[in-house]
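Everything below concerns the one structure shown next.
Residue numbers (my numbering): 539 to 598.
Listed below in structure tokens is the structure:
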């Protein structure tokens, strides 16, 4: 009657999975934001001069 041990890695600890998911989503959001900023800088013609003075365009 001990069939639970058949699939141990099928369900990892929920806490760990949740933490991993949170970390992944945060990382994804950061990457998306960075991409958007890079695209905006590329669209501007004179971005090479400006982006050294004010690296963070908007501080939250």
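Even for Gly, the Cβ is constructed at its ideal location relative to N, Cα and C.
*With hydrogens ignored, establish whether the beta-carbon of residue 566 is closer than 8 angstroms to any heavy atom of the ligand ATP.*
You won't find the ligand ATP in this model; it holds no ligand whatsoever.
Using three-state DSSP, classify residue 581 as helix, strand or coil. helix
**Study point:** For residue 560 and residue 572, the rounded distance between their alpha carbons
**Key:** 18 angstroms
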